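Undergrad: Numbering (this note's numbering), first residue to last: 7 to 402.
1. In whole angstroms, what is the alpha-carbon distance linking residue 329 and residue 322?
2. What whole-angstrom Cβ distance do residue 20 and residue 352 have, given they're in contact under 8 Å?
3. Please tell me whether residue 228 and residue 107 are closer than 9 Å, where the distance is taken between their beta carbons.
4. Extract the residue ranges of the alpha helix (DSSP H) inside the region 108 to 165, only unbroken runs of 4 or more that lie entirely within it.
5. Could you tell me the boundaries of the alpha helix (DSSP H) in which residue 266 lies?
6. For residue 13, I'd like the list of residues in its chain whose CB is within less than 6 Å of its CB, leaving aside the five on either flank, ordered along the chain.
7. Just to confirm my understanding: we take residue 2, look at its own chain, exclude 5 residues before and 5 after, and list those with CB closer than 8 Å. What are they?
8. Using DSSP with H/G/I as helix, E/B as strand and the rest coil, what is residue 305?
9. Considering just the uninterrupted stretch of the alpha helix (DSSP H) at residue 360, what are its terminal residues?
10. So, is residue 249 buried or exposed, given that buried needs 16 or more other C-beta atoms within 10 angstroms?
11. Mind checking which residues open and close the alpha helix (DSSP H) that includes residue 330?
12. Taking only three categories from DSSP, how would you classify residue 310?
13. Which residues does DSSP list as the beta-bridge partners of residue 196?
14. Using DSSP's beta-bridge definition, name the partner residues of residue 66.
15. Can the beta-carbon of residue 161 be found less than 9 Å from the beta-carbon of residue 114?
16. Terminal residues of the continuous alpha helix (DSSP H) containing residue 33?
17. Any contact between the region 22 to 33 and the region 368 to 385? By contact I mean 3 or more CB pairs, one from each, below 8 Å.
18. Please check the pair residue 344 and residue 313, which I expect to be a contact at CB under 8 Å, by giving their CB distance rounded to whole angstroms.
19. Our contact map puts residue 94 next to residue 118 with C-beta atoms below 8 Å; I'd like the distance itself, whole angstroms only.
20. Just how far apart, CA to CA, sit residue 311 and residue 146?
21. Is residue 352 helix, strand or coil when you go by DSSP?
22. Going by DSSP, name the residue or residues bridged to residue 183.
23. Please work out which residues of its chain come closer than 6 Å, Cβ to Cβ, to residue 304, disregarding the five sequence neighbours upstream and downstream, and give them in chain order.
24. Who does residue 347 pair with in a DSSP beta bridge?
25. Helix, strand or coil for residue 169? Go by DSSP, reduced to three states.
26. Taking the alpha-carbon positions, what's the residue 46 to residue 244 distance?
27. Counting along the chain, where does the alpha helix (DSSP H) carrying residue 29 start and finish?
28. Please report the distance separating the alpha-carbon of residue 326 from that of residue 124.
29. In three-state DSSP terms, what is residue 238?
30. Please list the terminal residues of the continuous beta strand (DSSP E) segment that includes residue 14.
31. What does DSSP give as the partner residues of residue 91 in its beta bridges?
32. Closer than 6 Å by C-beta to residue 362: which residues in its own chain qualify, once you throw out the five before and the five after it? Chain order, please.
33. Applying the criterion that 16 or more other CB atoms from any shown protein chain within 10 Å of the CB defines a buried residue, is residue 120 buried or exposed?
34. Counting C-beta neighbours from all protein chains within 10 Å, is the total for residue 319 16 or more, i.e. buried, or is it exposed?
35. Does DSSP classify residue 220 as helix, strand or coil?
36. State the DSSP-derived secondary structure class of residue 44, mapped to helix, strand or coil.
Spelled out as structure tokens, the structure:
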């Protein structure tokens, strides 16, 4: 088929041409004396994106899941009690990992379409007078349901209880796209991955840690080898890695960080909100509902959209791909067959989002959903035309 196949899943995301070209180079020696000229700047650039002023960042040749495992095994002990919540596929997977790593998991199950239950966290932290809870986990952006949670609220709950527990945040589909402030919010371990807001192929797991987490790692008894902080610190301090790094991805990361710096994080956050609002306008015009139950939960990086009863959302995704060359996200776990997902994060603009909405609208109609042709796209067009983000208005 002619033309591009369009990618609008919530990760991997579109890779800018400049980033792709930066990775198109011959293999290089990762032990060359000049290699630290690349790597040392990457660590500092990532700290700026995470807004981590006093800690450090690790870059693993892994997915974000590897960074999850690193954070747990380096700072906690088997049998440690941790407070977690489960409200989507990825928060579910984090709980599963914690249990497999033999943590004592106090898990709060809440309705899918909602997020981290800050009030319940506050109650359990206040009641934990003996400080048995060693870490609190917060999925910042639940990719399966299009829900963003209040990390700052979790920090306030910890502070109000005077609780010393570490704060872990899964920011895989938020960091670099949605406002995140590691130092200000007192986040001890923050996880992300290369294939989302960092606009790279999958293959790099990022773990940004506080000084408190580094101190905890000195006495933690969790088993680790590949993901060891100690091994990474010893090698990273000289600009190298304890094993073979993904050199081409690191070259792409340099350009990605340059693009992020050039646009500015605040402008990136505003752009993502602007684009997400356009998608939400389209969903409203279709007469459909988001999986996110309330506006306060709305994600600016992914929207999970319920289809009407009797419609299989997987068929909508298949039709969009095979007939309209557009990849949308399927529903996962409890919402499989009930929602489809539109990823609107990373390197994209209004016209690209309109393409995703056009394909979704045609696929919905093909699958029997009753909606007026052009209704969703038209609503998004008017939003984009009349509600320009500040950066666009300033340039005009």
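For glycine and all other residues, C-beta sits at the position ideal for the given N, C-alpha and C.
All of these numbers come straight from a predicted model, not from anything done at the bench.
TA: Concretely, from the data shown:
1. The count along the chain shown starts at 1 and reaches residue 329 at position 323. The count along the chain shown starts at 1 and reaches residue 322 at position 316. Their Cα atoms are separated by approximately 10 Å.
2. Along the chain shown, read from residue 1 onward, the residue named residue 20 stands at position 14. Along the chain shown, read from residue 1 onward, the residue named residue 352 stands at position 346. Indeed they touch by this definition, with Cβ atoms about 6 Å apart.
3. Working through the chain shown from its first residue, we reach residue 228 at position 222. Working through the chain shown from its first residue, we reach residue 107 at position 101. Their beta carbons are under 9 Å apart, which means residue 228 touches residue 107 by this criterion.
4. With a minimum length of 4 residues, the continuous alpha helix (DSSP H) runs that stay inside the region 108 to 165 are 124 to 133.
5. As a working mapping, residue 266 is identified with position 260 in the chain shown. From DSSP, the alpha helix (DSSP H) with residue 266 extends over 253 to 269.
6. Mapped onto the chain shown, residue 13 falls at position 7. Closer than 6 Å at Cβ, skipping near neighbours: 20 and 333.
7. The structure shown has nothing for residue 2, since the chain only spans 7 to 402.
8. Along the chain shown, one-based indexing puts residue 305 at 299. Note: residue 305 maps to coil in three-state DSSP.
9. On the chain shown, position 354 is the one that residue 360 refers to. Run containing residue 360: 356 to 372, per the alpha helix (DSSP H) assignment.
10. Reading the chain shown from its first residue, position 243 is the one you call residue 249. So residue 249 counts as exposed.
11. Numbered from 1 along the chain shown, position 324 holds the residue referred to as residue 330. For residue 330, the enclosing alpha helix (DSSP H) starts and ends at 319 to 330.
12. One-based indexing of the chain shown puts residue 310 at position 304. DSSP places residue 310 in strand when its eight states are reduced to three.
13. Taking the first residue of the chain shown as 1, we reach residue 196 at position 190. DSSP lists 175 and 214 as partners of residue 196.
14. For the purposes of this step, residue 66 is taken as residue 60 along the chain shown, with counting starting at 1. In the DSSP assignment, residue 66 is bridged to 211.
15. The residue labelled residue 161 in the question sits at position 155 within the chain shown. The residue labelled residue 114 in the question sits at position 108 within the chain shown. No, Cβ-Cβ distance for residue 161 and residue 114 is not below 9 Å.
16. Indexing the chain shown from 1 puts residue 33 at position 27. Membership of residue 33 in any alpha helix (DSSP H) is not indicated, and neither H nor E is assigned to it by DSSP.
17. With a cut-off of 8 Å, the region 368 to 385 and the region 22 to 33 do not count as touching, because too few Cβ pairs lie within range.
18. Sequence index remark: in the chain shown, residue 344 carries index 338 (1-based). Sequence index remark: in the chain shown, residue 313 carries index 307 (1-based). Residue 344 to residue 313, Cβ: 7 Å. Contact.
19. Taking the first residue of the chain shown as position 1, residue 94 is located at position 88. Taking the first residue of the chain shown as position 1, residue 118 is located at position 112. At roughly 6 Å, the Cβ-Cβ gap stays under 8 Å, so residue 94 and residue 118 are in contact.
20. Within the chain shown, numbered from 1, the residue matching residue 311 stands at position 305. Within the chain shown, numbered from 1, the residue matching residue 146 stands at position 140. The alpha-carbon atoms of residue 311 and residue 146 are separated by roughly 19 Å.
21. Counting from one through the chain shown, the residue named residue 352 turns up at place 346. DSSP places residue 352 in coil when its eight states are reduced to three.
22. In the chain shown, residue 183 corresponds to position 177, counting from 1. Paired residue(s): none; residue 183 is not in a bridge.
23. Working through the chain shown from its first residue, we reach residue 304 at position 298. Contacts found: 298.
24. In the chain shown, counting from the first residue as 1, residue 347 sits at position 341. The partner list for residue 347 (beta bridge, DSSP) reads 310 and 335.
25. Counted from its first residue, the chain shown places residue 169 at position 163. Residue 169: coil per DSSP, three-state reduction.
26. On the chain shown, residue 46 is found 40 positions in, with the first residue counted as 1. On the chain shown, residue 244 is found 238 positions in, with the first residue counted as 1. Each residue's alpha carbon lies about 8 Å from the other.
27. Translated into the one-based positions of the chain shown, residue 29 becomes position 23. Unbroken alpha helix (DSSP H) run through residue 29: 23 to 29.
28. As a position in the chain shown, residue 326 is number 320, starting the count at 1. As a position in the chain shown, residue 124 is number 118, starting the count at 1. Going from the Cα of residue 326 to the Cα of residue 124 covers about 37 Å.
29. Indexing the chain shown from 1 puts residue 238 at position 232. Here residue 238 sits in helix by DSSP.
30. By 1-based counting over the chain shown, the position of residue 14 is 8. Here the beta strand (DSSP E) through residue 14 covers 12 to 14.
31. Against the chain shown, residue 91 aligns to sequence position 85. Partner(s): 114.
32. The residue you call residue 362 lines up with position 356 of the chain shown. Contacts found: 14 and 348.
33. In the chain shown, residue 120 corresponds to position 114, counting from 1. Buried, by the Cβ-count rule.
34. By 1-based counting over the chain shown, the position of residue 319 is 313. By the neighbour-count rule (16 or more Cβ atoms within 10 Å), residue 319 is buried.
35. Here the question's residue 220 lines up with position 214 in the chain shown. Three-state DSSP puts residue 220 in a helix.
36. Here residue 44 refers to the residue found at position 38 when the chain shown is read from its first residue. Reduced to three states, the DSSP call for residue 44 is helix.
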